[in-house]
Amino acid sequence: GAVVSQHPSWVICKSGTSVKIECRSLDFQATTMFWYRQFPKQSLMLMATSNEGSKATYEQGVEKDKFLINHASLTLSTLTVTSAHPEDSSFYICSAIHWNTEAFFGQGTRLTVV
Amino acid sequence: KNQVEQSPQSLIILEGKNCTLQCNYTVSPFSNLRWYKQDTGRGPVSLTIMTFSENTKSNGRYTATLDADTKQSSLHITASQLSDSASYICVVSGTISNAGNNRKLIWGLGTSLAVNP
Chain C
1056 GAVVSQHPSW
1066 VICKSGTSVK
1076 IECRSLDFQA
1086 TTMFWYRQFP
1096 KQSLMLMATS
1106 NEGSKATYEQ
1116 GVEKDKFLIN
1126 HASLTLSTLT
1136 VTSAHPEDSS
1146 FYICSAIHWN
1156 TEAFFGQGTR
1166 LTVV
Chain Z
216 KNQVEQSPQS
226 LIILEGKNCT
236 LQCNYTVSPF
246 SNLRWYKQDT
256 GRGPVSLTIM
266 TFSENTKSNG
276 RYTATLDADT
286 KQSSLHITAS
296 QLSDSASYIC
306 VVSGTISNAG
316 NNRKLIWGLG
326 TSLAVNP
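Chains as they are written, first to last, in my numbering: chain C, 1056 to 1169; chain Z, 216 to 332.
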């Protein structure tokens, strides 16, 4: 199946710093990418939807200025957590689709803010 | 309210045994139902996806069933292996399929399966 690569797989950062997470579709062009957040023992929660070349659409309650999403090409989307705080510590997962195909997920990024 | 409920919350079985996981949903309108396997600390991997007209679909040792009338689905795992230990998540899409339909995915909390030797 299609491969979505997410990097880094884990990151530890100091409170107040920014962290960038990359999501790449390796063998297909992703017209739409999605960013999810997952807390322990909870479901994935959609944060935002991004289409290549346009601004991301954020879900209610997700701060667009804090979670910056850039989908500059058909194979790359980035999520930047700005001014990270301990409560931002979570598991972040991206997924990508090409038009009406099945969604493929990255392996996730474990963010720990200390 | 659109909801997806899974049972049991957790399950422990011995290697080689079969098991069945349940999913009830109240999502409407219904587009499709998916089962994902999520290993700890990893992204979900799709096992099956079923539309309204499909009653059963298999993927190796995984067999999913769907009863759209009662809004129930099950995932049956046969001859379990240690590598089956993971969280199994039922996800229901509540929109007509289009490029952005994942935005309306309703996720269950998952069933945590542990397969012991």
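Where is the CB? At the ideal position from N, CA and C, for every residue including glycine.
Keep in mind it's a predicted model, so treat the numbers as computed, not measured.
How far does the beta strand (DSSP E) with residue i in it extend, from its first residue to its last?
i, result
"THR1087 of chain C", "1087-1093"
"PHE245 of chain Z", "Where PHE245 of chain Z is concerned, there is no enclosing beta strand (DSSP E), given that its DSSP letter is neither H nor E."
"ARG1165 of chain C", "1164-1168"
"PHE1122 of chain C", "1122-1128"
"ALA329 of chain Z", "326-331"
"VAL1066 of chain C", "1065-1068"
"GLU1077 of chain C", "1074-1080"
"LEU226 of chain Z", "225-229"
"GLU220 of chain Z", "219-222"
"PHE1172 of chain C", "As displayed, chain C neither begins before 1056 nor continues past 1169, which places residue 1172 of chain C out of reach and without an answer."
"SER1060 of chain C", "1059-1062"
"ALA1151 of chain C", "1145-1152"
"SER261 of chain Z", "260-266"
"ASN233 of chain Z", "First-last for ASN233 of chain Z: undefined, no H or E at that position."
"THR1137 of chain C", "From DSSP, THR1137 of chain C is part of no beta strand (DSSP E); its letter is neither H nor E."
"THR1104 of chain C", "1100-1106"
In whole angstroms, what separates the C-alpha of residue i from that of residue j?
i, j, result
"ILE228 of chain Z", "SER1144 of chain C", "32 Å"
"LEU236 of chain Z", "ASN1106 of chain C", "35 Å"
"GLY231 of chain Z", "THR255 of chain Z", "21 Å"
"GLN287 of chain Z", "SER1070 of chain C", "44 Å"
"SER246 of chain Z", "PRO259 of chain Z", "20 Å"
"SER295 of chain Z", "ASN233 of chain Z", "6 Å"
"PHE1160 of chain C", "TRP322 of chain Z", "14 Å"
"LYS1075 of chain C", "THR1167 of chain C", "13 Å"
"GLY1163 of chain C", "TYR1147 of chain C", "6 Å"
"MET1100 of chain C", "ARG1079 of chain C", "20 Å"
"GLN1093 of chain C", "GLN1084 of chain C", "25 Å"
"PHE1122 of chain C", "ALA301 of chain Z", "29 Å"
"LEU1131 of chain C", "TRP1090 of chain C", "12 Å"
"GLY325 of chain Z", "THR280 of chain Z", "17 Å"
"PRO332 of chain Z", "LEU297 of chain Z", "7 Å"
"MET1088 of chain C", "THR1072 of chain C", "25 Å"
"SER308 of chain Z", "CYS1068 of chain C", "35 Å"
"ALA1158 of chain C", "GLU1118 of chain C", "24 Å"
"ASP284 of chain Z", "PHE267 of chain Z", "9 Å"
"LEU1129 of chain C", "ASP1120 of chain C", "23 Å"
"ASN274 of chain Z", "THR263 of chain Z", "7 Å"
"MET265 of chain Z", "ARG1165 of chain C", "31 Å"
"ASN270 of chain Z", "ARG249 of chain Z", "13 Å"
"THR226 of chain Z", "THR1086 of chain C", "Per the sequence shown, the amino acid found at residue 226 of chain Z is Leu instead of Thr. Straight-line Cα distance between these residues: approximately 38 Å."
"ALA314 of chain Z", "LEU328 of chain Z", "Residue placement at ALA314 of chain Z is poorly supported in this model, since its pLDDT is 49, which falls under 50; the coordinates are not used for a value here."
"SER1109 of chain C", "ALA1057 of chain C", "23 Å"
"GLN209 of chain Z", "ILE1124 of chain C", "Because chain Z spans 216 through 332 in this model, residue 209 of chain Z falls outside it and cannot be assessed."
"LYS221 of chain Z", "LEU290 of chain Z", "Sequence check: residue 221 of chain Z is Gln here, not Lys. Cα to Cα, the separation comes out at about 11 Å."
"ILE311 of chain Z", "GLU1142 of chain C", "In this predicted model, ILE311 of chain Z has a pLDDT of only 47, less than 50, meaning its place in the structure is not dependable; the value taken from the coordinates is given anyway. Rounded to whole angstroms, ILE311 of chain Z to GLU1142 of chain C spans 35 Å at the Cα level."
"GLN1115 of chain C", "TRP1065 of chain C", "26 Å"
"SER1150 of chain C", "VAL1059 of chain C", "7 Å"
Given 8 Å as the limit, tell me if residue i has its C-beta closer than that to any heavy atom belonging to the ligand GDP.
i, result
"LYS272 of chain Z", "Summarising the ligand content, the structure contains no ligands, and the ligand GDP is consequently not present."
Give the residues of chain D in contact with residue i, contact being defined as C-beta atoms less than 9 Å apart.
i, result
"GLU1157 of chain C", "Among the protein chains of the structure shown, namely C and Z, there is no chain D."
Contained beta strand (DSSP E) runs [length at least 3] in the stretch 268-317 of chain Z, N- to C-terminal order | 271-274, 277-282, 287-292 and 301-308
With a cut-off of 8 Å, do at least 3 Cβ pairs link the stretch 237-255 of chain Z to the stretch 1133-1143 of chain C?
-> no
What residues in the stretch 1113-1124 of chain C have a beta carbon less than 9 Å from any beta carbon of chain Z?
-> GLU1114
Taking a Cβ distance cut-off of 9 Å, strictly less, list which residues of the stretch 1097-1114 of chain C are near chain Z, in chain order.
-> GLN1097, SER1098, LEU1099, MET1100, LEU1101, THR1104, ASN1106, THR1112 and GLU1114
For the stretch 1073-1089 of chain C, which residues have a CB atom closer than 8 Å to at least one CB atom of chain Z, in sequence order?
-> THR1086, THR1087 and PHE1089
Can you list, in chain order, the residues of the stretch 258-287 of chain Z whose Cβ is nearer than 8 Å to any Cβ on chain C?
-> GLY258, PRO259, VAL260, SER261 and ILE264
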